[in-house]
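Numbering (our numbering), first residue to last: 2 to 644. Just so you know, even glycine gets a beta-carbon here, dropped at the ideal spot from N, CA and C. For reference, the structure is listed below as structure tokens.
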Ligand SMILES: [Zn+2]
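The following block contains the structure:
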């Protein structure tokens, strides 16, 4: 799921998603109601007592008339433990008309809050397979609040659409709302007005007009699906199919688009961009997970996108939004986060695969720009972990800076640490894992599969980057004397949860038209390293290829270029001001560095004609400083003492 924070403030404008350079703030569709839902995140209040095998959902929905709708949902299940009741999640706002068993006989039921318990005489025994049907009706948008079931208008027609993540399914249908058990097989029947079409999961197997007044569309889906990914959207859609050729297959994958009729021409041009993305993810990771059916988009009016299985719901078809929701088909839909605390397994991957799409299909430079933007967003605050510490807090759970951006950066650094071939092999094993494929995964599963593929122990990596808060501040200083370059590093962790960050610092030494990339892993908070360099270094650049999440400053000089005694300065020590005599004050660049090599002051000498220059050390604290003067030919260095 991907959402603009601005949308939460009530903006219903269609913003140009993805057109910006600054890191976007991504938050999930949430509102106060979620707070109470989150407290039951493991559904501790509900004892379902069964494994769900199949749902056949019949829904009567007509947005021309309003949000009011009727449903008849059948659940086929296998009983886990002998029980007198089976439980469903269903909002108390919806009226239940009848509950029936496999033979059509009425069953008794009891409603407790948002749970519905169904009873049959003799109960159910372990291993028994049975079904229960629930006939109900109501106005779910009254109970669903912000976004679970929305009746809206897209300017050229009314629409009803659903978006259940994370706790909204029960607001519009009786279901087993959990992250433990996927629906193995699903049929969705939508009865609506003849002028409308319904979008849903899987493929259309029936689309017919009944008695001139009603259209029936039946969608069949034969892959396991998490409850929150079941969705419908009904409006006067314009429909077209495009095809994504896949590597090694003769048949392309159909991409079915249901778009608002007024945007048909633009949409048809824009959605073409998703075709090479499908081929990219399909060949980088594992084959598109729902290949026997389709991929697709259905336009809706919520301000973002939602990765409904085989048919993402989209506010528009911007490049990055399409990449993000497509990526979820692998990361989120095929393999679904096993608890909401593992939400980054959905959102971190989807965010990172959007960067990868840019890297592979546009340019590396552009992907660096995205990564830099995300890095400055993440390091804008000193605290925060990818692991949500307070799961009752929606802001922390669906936090764009942490769950999305930092999650993506953690994957980026994992890839850098292991190299492409081991990283992608680990991801493939995670997607194909016996316990994860078409099921659920927790963070420890990702660690397990990547460790298995790479043979590396990643405990420290996950400990600091997943559980740990913040990032390292690094002060790098350098000097060259003769052919020896000395690098110094002073690390300050931004948050006490990680006392020391194990990082590899990329530094690019550059001068005389040559360069040398150094990857340095300091072993303590303050470290120094010497190395031989066969050219005169002018500058040292931190992380030119954007590989480390840190906030860094670099300072230093080449002592081979320093000449003494060309300038005169006094008094030294000084209480604040000193005077510098120079032959040509307008031609020099002057900078003041502190004792650890950080630049603290730049002095502008442009336009000065006097040979005498008064320099103020201003607010600098007492201590030792170094004045560095560059007259265009030589660099001069003086030690300064401020009392
Ligand atoms: Zn997402």
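May I ask you to check if the CB of residue 270 is nearer than 7 Å to at least one heavy atom of ligand 3?
Looking for ligand 3 in the displayed structure turns up nothing; the ligands present are ligand 1.
Within this structure, are the beta carbons of residue 80 and residue 135 separated by less than 8 Å?
Locating residue 80 in the chain shown gives position 79, counting from the first residue. Locating residue 135 in the chain shown gives position 134, counting from the first residue. Contact annotation: residue 80 and residue 135 have beta-carbon atoms that are not nearer than 8 Å.
Along the chain, where does the beta strand (DSSP E) containing residue 313 start, and where does it finish?
Taking the chain shown and counting its residues from 1, the one referred to as residue 313 is at position 312. Residues 313 to 315.
For residue 163, which of 61, 72 and 233 has the nearest alpha-carbon?
For this step, residue 163 is matched to residue 162 along the chain shown. Ranking 61, 72 and 233 by Cα distance to residue 163 puts 233 first.
Segment limits, beta strand (DSSP E) that includes residue 462:
Counting from one through the chain shown, the residue named residue 462 turns up at place 461. Where residue 462 is concerned, there is no enclosing beta strand (DSSP E), although the alpha helix (DSSP H) it sits in stretches over 460 to 463.
Mapping DSSP to helix, strand and coil, what is residue 32?
By 1-based counting over the chain shown, the position of residue 32 is 31. Here residue 32 scores only 35 on pLDDT, less than 50, and its place in the model should not be relied on; the value that follows carries that caveat. Looking at residue 32 - three-state DSSP - the assignment turns out to be coil, as it is neither helix nor strand.
Compare the C-beta of residue 466 against all C-beta atoms of chain B and say whether one is closer than 8 Å.
This model lacks chain B altogether, as it is built from one protein chain only.
Output needed for residue 198: all residues of its chain with C-beta closer than 6 Å, excluding positions within five of it in sequence on either side, in chain order.
Within the chain shown, numbered from 1, the residue matching residue 198 stands at position 197. Once the five neighbours on either side are set aside, the close Cβ partners of residue 198 are 238.
Which term fits residue 226, buried or exposed, when burial requires 16 or more other beta carbons within 10 angstroms of its beta carbon?
Taking the chain shown and counting its residues from 1, the one referred to as residue 226 is at position 225. Its Cβ being crowded by 16 or more others within 10 Å, residue 226 is buried.
Counterpart residues of residue 159 in DSSP-defined beta bridges
Taking the chain shown and counting its residues from 1, the one referred to as residue 159 is at position 158. DSSP output for residue 159 lists 154 as bridge partner(s).
With burial defined as no fewer than 16 other Cβ atoms inside 10 Å of the residue's Cβ, what is the status of residue 406: buried or exposed?
As a first step, residue 406 must be located in the chain shown, where it is residue number 405. By the neighbour-count rule (16 or more Cβ atoms within 10 Å), residue 406 is buried.
Would you identify the three-state DSSP class for residue 49, choosing helix, strand or coil?
Here residue 49 refers to the residue found at position 48 of the chain shown. DSSP places residue 49 in coil when its eight states are reduced to three.
Drop a sphere of 10 angstroms on the beta-carbon of residue 106, count the other beta-carbons inside from all chains shown, and report buried for 16 or more, exposed for fewer.
By 1-based counting over the chain shown, the position of residue 106 is 105. Only exposed fits residue 106, as fewer than 16 other CB atoms lie within 10 angstroms of its CB.
Rounding to the nearest angstrom, what Cα-Cα distance links residue 363 and residue 402 in this structure?
Here residue 363 refers to the residue found at position 362 when the chain shown is read from its first residue. Here residue 402 refers to the residue found at position 401 when the chain shown is read from its first residue. Computed Cα separation, rounded: 24 Å.
State the Cα-Cα distance for the pair residue 320 and residue 309, rounded to the nearest angstrom.
Along the chain shown, one-based indexing puts residue 320 at 319. Along the chain shown, one-based indexing puts residue 309 at 308. Going from the Cα of residue 320 to the Cα of residue 309 covers about 18 Å.
Where residue 132 falls: helix, strand or coil (DSSP):
Numbered from 1 along the chain shown, position 131 holds the residue referred to as residue 132. The answer is strand: DSSP assigns residue 132 an E or B state.
Based on the DSSP secondary-structure assignment, which residues constitute the bridge partners of residue 96?
Indexing the chain shown from 1 puts residue 96 at position 95. The secondary-structure analysis by DSSP pairs residue 96 across a beta bridge with 138.
Counting Cβ pairs closer than 8 Å, one from the region 473 to 485 and one from the region 527 to 544, do we hit at least three?
The answer is yes - the region 527 to 544 touches the region 473 to 485, with three or more Cβ pairs under 8 Å.
Taking 7 Å as the line, does the beta carbon of residue 426 fall inside it for any heavy atom of ligand 1?
The residue you call residue 426 lines up with position 425 of the chain shown. For ligand 1, not one heavy atom lies less than 7 Å from the Cβ of residue 426.
Would you identify the three-state DSSP class for residue 41, choosing helix, strand or coil?
Position 40 of the chain shown, counted from the first residue, corresponds to residue 41. Low local confidence applies: a pLDDT of 42 at residue 41 is under 50, so the model's placement there is unreliable, and no value is given.
Where do the ends of the alpha helix (DSSP H) carrying residue 284 lie?
In the chain shown, residue 284 corresponds to position 283, counting from 1. Segment 275 to 285, the alpha helix (DSSP H) holding residue 284.
Whose C-beta lies closer than 7 Å to the C-beta of residue 167 among residues of the same chain, with five residues either side of it excluded?
For the purposes of this step, residue 167 is identified with residue 166 of the chain shown, where counting begins at 1. Counting only Cβ-Cβ distances below 7 Å, and skipping sequence neighbours, we find 229 and 341.
Can you tell me whether residue 603 sits near ligand 1, meaning its C-beta is under 7 Å from at least one heavy atom of the ligand?
What you label residue 603 is simply residue 602 of the chain shown in a count that begins at 1. Incorrect: residue 603 has no Cβ contact closer than 7 Å to ligand 1.
Taking DSSP as the reference, what is the three-state secondary structure of residue 266?
Numbered from 1 along the chain shown, position 265 holds the residue referred to as residue 266. Residue 266: helix per DSSP, three-state reduction.
Along the chain, which unbroken stretches of the beta strand (DSSP E) at least 3 residues long are found entirely within the region 433 to 497?
Given a length threshold of 3 residues, each whole run of the beta strand (DSSP E) inside the region 433 to 497 is given here in chain order: 473 to 482 and 485 to 494.
In angstroms, rounded to a whole number, what distance separates the CA positions of residue 249 and residue 207?
If you number the chain shown from 1, residue 249 lands on position 248. If you number the chain shown from 1, residue 207 lands on position 206. Put simply, the backbone Cα of residue 249 is about 31 Å away from that of residue 207.
So what's residue 629 in DSSP terms, helix, strand or just coil?
For the purposes of this step, residue 629 is taken as residue 628 along the chain shown, with counting starting at 1. Correct three-state label for residue 629: strand.
Nearest-angstrom Cα separation, counted from residue 173 out to residue 1
Because the chain spans 2 through 644 in this model, residue 1 falls outside it and cannot be assessed.
Under a three-way DSSP split, which group does residue 325 fall into?
Mapped onto the chain shown, residue 325 falls at position 324. Here residue 325 sits in helix by DSSP.
Below 8 Å between beta carbons: does that hold for residue 495 and residue 620?
Taking the chain shown and counting its residues from 1, the one referred to as residue 495 is at position 494. Taking the chain shown and counting its residues from 1, the one referred to as residue 620 is at position 619. The Cβ-Cβ distance between residue 495 and residue 620 does not fall below 8 Å.
Can you tell which of 570, 421 and 471 has its C-alpha closest to the C-alpha of residue 408?
Residue numbering aside, residue 408 sits at position 407 when the chain shown is read from its first letter. For residue 408, the nearest C-alpha among the options comes from 471.
Does the beta-carbon of residue 323, which I'm using as the reference point, lie nearer than 7 Å to any heavy atom of ligand 1?
Locating residue 323 in the chain shown gives position 322, where the first residue counts as 1. No, the beta carbon of residue 323 sits no closer than 7 Å to any heavy atom of ligand 1.
Count the other CB atoms, across all protein chains shown, that sit within 10 Å of the CB of residue 552; report buried if there are 16 or more and exposed otherwise.
By 1-based counting over the chain shown, the position of residue 552 is 551. The C-beta of residue 552 has 16 or more other C-beta atoms within 10 Å across all chains shown, which makes the residue buried.
Assign residue 347 to buried or exposed, taking buried as 16 or more other Cβ atoms, counted over all protein chains shown, within 10 Å of its Cβ.
Working through the chain shown from its first residue, we reach residue 347 at position 346. Buried: at least 16 other Cβ atoms inside 10 Å.
With a threshold of 7 Å, establish whether the CB of residue 317 neighbours any heavy atom of ligand 1.
Taking the first residue of the chain shown as position 1, residue 317 is located at position 316. Look at residue 317: its beta carbon is at least 7 Å from all of the heavy atoms in ligand 1.
Quick check: what's the CA-CA separation for residue 433 versus residue 507?
For this step, residue 433 is matched to residue 432 along the chain shown. For this step, residue 507 is matched to residue 506 along the chain shown. Going by the C-alpha atoms only, they are around 33 Å apart.
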